[in-house]
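S.K.: In this note's numbering, the protein residues as written are 83 to 664. Glycine residues also receive a C-beta, built at the ideal position from the N, C-alpha and C atoms. All values reported here derive from a predicted model rather than from experimental measurement.
1. For residue 232, report the span of its alpha helix (DSSP H) as first-last.
2. Let's see if you can read the secondary structure: which residues bound the beta strand (DSSP E) around residue 324?
3. Can you pull the DSSP bridge partners for residue 330?
4. Take residue 638 as the anchor and find which of 199, 263, 297, 376 has the nearest alpha-carbon.
5. Check this for me: beta carbons of residue 346 and residue 337, under 8 Å apart or not?
6. Who does residue 264 pair with in a DSSP beta bridge?
7. Where residue 624 and residue 574 are concerned, what is the direct C-alpha to C-alpha distance, given to the nearest angstrom?
8. Between which two residues does the alpha helix (DSSP H) carrying residue 597 extend?
9. I need the straight-line Cα distance from residue 456 to residue 370, nearest angstrom please.
10. With DSSP run on the structure shown, which of helix, strand or coil describes residue 555?
11. Ignore the nearest five residues each way along the sequence and tell me which others in residue 634's own chain have a CB closer than 7 Å to its CB.
12. What does DSSP give as the partner residues of residue 617 in its beta bridges?
13. Does the segment 296 to 313 touch the segment 324 to 332, meaning 3 or more C-beta pairs lie closer than 8 Å?
14. Which two residues bound the contiguous alpha helix (DSSP H) that contains residue 363?
15. Do you know whose CA, among 368, 162, 376, lies nearest residue 389's CA?
16. Who are the Cβ neighbours of residue 256 in its own chain at under 8 Å, not counting the five residues just before and after it?
17. Across the segment 526 to 540 and the segment 381 to 388, are there enough close Cβ pairs to call them in contact, namely three or more that are closer than 8 Å?
18. Tell me the residue span of the alpha helix (DSSP H) that contains residue 125.
19. Shortest alpha-carbon distance to residue 160 belongs to which of 190, 286, 647, 120?
20. Starting from the C-beta of residue 219, find all residues in its chain whose C-beta is less than 7 Å away, skip the five residues before and the five after it, and write them out in chain order.
21. For residue 613, which residues from the same chain have a beta carbon less than 6 Å from its beta carbon, with the 5 sequence-adjacent residues on both sides left out?
22. In the DSSP assignment, what are the bridge partners of residue 295?
23. How is residue 346 classed by DSSP in three states: helix, strand or coil?
24. Compare the C-beta of residue 530 against all C-beta atoms of chain B and say whether one is closer than 8 Å.
25. Check for me: the alpha helix (DSSP H) holding residue 410 runs from which residue to which?
26. Identify whether residue 339 lies in helix, strand or coil by the three-state DSSP scheme.
27. Residue 311 lies in the alpha helix (DSSP H); which residues open and close that run?
28. Out of curiosity, what's the CA-to-CA distance linking residue 391 and residue 526?
29. In the DSSP output, what is residue 239 paired with across the bridge?
30. DSSP has residue 564 in a bridge; who is on the other side?
31. Quick one, are the C-beta atoms of residue 539 and residue 363 less than 8 Å apart?
32. Run the CB neighbour count on residue 572, radius 10 Å, all protein chains shown included, and call it buried at 16 or more, exposed below.
33. So, at 7 Å on beta carbons, what are the nonlocal neighbours of residue 644 in its own chain, with the 5 sequence-adjacent residues on each side left out?
34. If you measure between the beta carbons of residue 313 and residue 357, is that distance less than 8 Å?
35. Around the C-beta of residue 319, are 16 or more other C-beta atoms found within 10 angstroms, so that it is buried, or is it exposed?
36. Would you report the Cα separation of residue 630 and residue 262, rounded to the nearest angstrom?
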């Protein structure tokens, strides 16, 4: 047999071995290939016609839509409309000649305000380029980092001026140190609209909290503070932790999260400070309200005047025992002899007719009710308790207006009516004896003496007064200073968002080094390296841009009164026809 090496093996010999009519013979593979090539397009065409006749567009859906858009998942024209609205750029829409009906920005802003990111941004990307649909039920807010870094990897502005923010960021690993807003040192008292300095946390020379308030964190978190045992009896163990050396205040005693567990509520004197730092006036056991110095002074003056009036007529016996002790402590009463038994109250001397004595619960006309000081826990009012147990309240807005609960205020005696004398020429009621100069010079002199002591204690000392925590501004010619508004920042990082709730497993001290801070000027915010310990792209918590930053400026959000009715929102008809709620 002739082979490739045989000279008799030629091309003609090789060609004779091939059957040239093989394709005319029937074959199963070729048969099914023909059948499927014809049947598949026919079936697809029938399928499309059937769904078109039923008005069902699900076959054109490229994937599951997000949870927020499920209500019109089968109505594609809600988002993929016939064309762009006036003012929509070509970047956000491809016209009717294009195969793909992309989503116009107008379709998104019909429901969502979508406020601009920044007025000076170089260009505004279309909504659908960042918020990509048909990727499952996840939130559309979870935009990928490349949508942010397309600008921020080399940040430029529309007017060509350099940006106030870091210009080159491509990932969280390259994120610069955090920056906080602080007041300039020596600036005037805080006021709305004040300009703040933006200082990085690693710029230790400029990083100073100049808020006009005084606080030593390290002192407050020491174990076994004075009075902490009594504190647990009053408030329980909320915010108090047990340590090896005893009990100490925990961070959550003062720093409580808001309802959403995102940010911390402001520290409140009444809730967090008053139980330990009581504003004692030195006027008996009177406690001043935590208010402006002018109102505090008026409160003390009124309380002192009513104290003097209350101590001028003390009930006899056990009924006035508590009141007498209070008045003795104020130097307004001394032990007085009991009246003779044969001369009961209400009988005129010399054997005249008997005059009925007034009932204990009644007050003599023209005389203030008597009482003993009882501080109220809310610090807004001072209360007096009559010897018979009836309460008289001294309201802050009526510093000298003692009145009984439920009664109208009594008419005050004229200015020329001396204390202790009844008006209209009635009998004079002699005041109870006083000691220690308390009554010398009358009630006004005694009240001014007490007021002077109260002012000195609250406004003149740093140990127990206002200046222990506040920065005071002295006013020429006045004993009453001004308290500079603390203006403690509610948000230290206003260009980001944060949620404390996912961070609950961590101890507060891992991020906020309060135990090592002894001065108010310390800024106790965590550095970016602290966040990177957990937020890592490989094997850590998420570290995408949208974890901490928002694109849209929420301060420019429209109001909550939307334009559609429920049927229109569900069907999408209203949005396509322009039938909006007016």
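M.R.: Well, looking at it:
1. As a position in the chain shown, residue 232 is number 150, starting the count at 1. First-last of the alpha helix (DSSP H) with residue 232: 227 to 234.
2. Numbered from 1 along the chain shown, position 242 holds the residue referred to as residue 324. Run containing residue 324: 322 to 325, per the beta strand (DSSP E) assignment.
3. Residue numbering aside, residue 330 sits at position 248 when the chain shown is read from its first letter. Its beta-bridge partners are 323.
4. Your numbering for residue 638 matches position 556 in the chain shown. Considering only alpha carbons, the answer is 199.
5. If you number the chain shown from 1, residue 346 lands on position 264. If you number the chain shown from 1, residue 337 lands on position 255. Cβ atoms of residue 346 and residue 337: closer than 8 Å.
6. For the purposes of this step, residue 264 is taken as residue 182 along the chain shown, with counting starting at 1. According to DSSP, which records beta bridges pairwise, residue 264 is partnered with 279.
7. Position 542 of the chain shown holds residue 624. Position 492 of the chain shown holds residue 574. Spanning the two alpha carbons is a distance of roughly 22 Å.
8. In the chain shown, residue 597 corresponds to position 515, counting from 1. No alpha helix (DSSP H) contains residue 597, which DSSP labels as neither H nor E.
9. Counted from its first residue, the chain shown places residue 456 at position 374. Counted from its first residue, the chain shown places residue 370 at position 288. At residue 456 the pLDDT is 37, less than 50, meaning the model places this residue with poor confidence; the figure from the coordinates comes in the next sentence. Roughly 12 Å between the two C-alpha positions.
10. Numbered from 1 along the chain shown, position 473 holds the residue referred to as residue 555. In this structure, residue 555 counts as strand in the three-state DSSP scheme.
11. Numbered from 1 along the chain shown, position 552 holds the residue referred to as residue 634. Taken in chain order, the residues that qualify are 196, 197, 199.
12. The count along the chain shown starts at 1 and reaches residue 617 at position 535. Answer is 623, bridged to residue 617.
13. yes
14. On the chain shown, position 281 is the one that residue 363 refers to. Counting along the chain, residue 363 falls outside any alpha helix (DSSP H), and DSSP gives it neither H nor E.
15. Locating residue 389 in the chain shown gives position 307, counting from the first residue. The shortest Cα separation from residue 389 among 368, 162, 376 belongs to 368.
16. Working through the chain shown from its first residue, we reach residue 256 at position 174. These residues qualify, in order along the chain: 250.
17. yes
18. For the purposes of this step, residue 125 is taken as the residue at position 43 of the chain shown. Its alpha helix (DSSP H) spans residues 110 to 136.
19. As a first step, residue 160 must be located in the chain shown, where it is residue number 78. Out of 190, 286, 647, 120, 190 has the C-alpha closest to the C-alpha of residue 160.
20. As a first step, residue 219 must be located in the chain shown, where it is residue number 137. So the list reads 146, 148, 149, once near-sequence residues are dropped.
21. As a position in the chain shown, residue 613 is number 531, starting the count at 1. The answer is none, since no qualifying residue turns up.
22. What you label residue 295 is simply residue 213 of the chain shown in a count that begins at 1. Partner(s): 552.
23. Position 264 of the chain shown, counting from 1, holds the residue named residue 346. Residue state, collapsed to three classes: strand.
24. The chain labelled as chain B is not found in the depicted structure, where only one protein chain is given.
25. Reading the chain shown from its first residue, position 328 is the one you call residue 410. It spans 403 to 411 - the alpha helix (DSSP H) in which residue 410 sits, taken as one unbroken run.
26. In the chain shown, the residue the question calls residue 339 occupies position 257. The answer is strand: DSSP assigns residue 339 an E or B state.
27. The residue you call residue 311 lines up with position 229 of the chain shown. Note, residue 311: alpha helix (DSSP H), 310 to 317.
28. Position 309 of the chain shown, counted from the start, is the residue given in the question as residue 391. Position 444 of the chain shown, counted from the start, is the residue given in the question as residue 526. Approximately 10 Å between the Cα atoms of the pair.
29. The residue given as residue 239 occupies position 157 in the chain shown. According to DSSP, which records beta bridges pairwise, residue 239 is partnered with 203.
30. Your numbering for residue 564 matches position 482 in the chain shown. Partner(s): 555.
31. The sequence position of residue 539 within the chain shown is 457, counting from 1. The sequence position of residue 363 within the chain shown is 281, counting from 1. Yes; because the gap between Cβ atoms is below 8 Å, this pair is in contact.
32. Here the question's residue 572 lines up with position 490 in the chain shown. With fewer than 16 Cβ atoms within 10 Å of its Cβ, residue 572 is classed as exposed.
33. On the chain shown, position 562 is the one that residue 644 refers to. Hits under 7 Å: none found.
34. For the purposes of this step, residue 313 is identified with residue 231 of the chain shown, where counting begins at 1. For the purposes of this step, residue 357 is identified with residue 275 of the chain shown, where counting begins at 1. Cβ atoms of residue 313 and residue 357: closer than 8 Å.
35. Locating residue 319 in the chain shown gives position 237, where the first residue counts as 1. So residue 319 ends up on the exposed side.
36. Walking along the chain shown from the start, residue 630 turns up at place 548. Walking along the chain shown from the start, residue 262 turns up at place 180. The straight-line gap from Cα to Cα measures roughly 15 Å.
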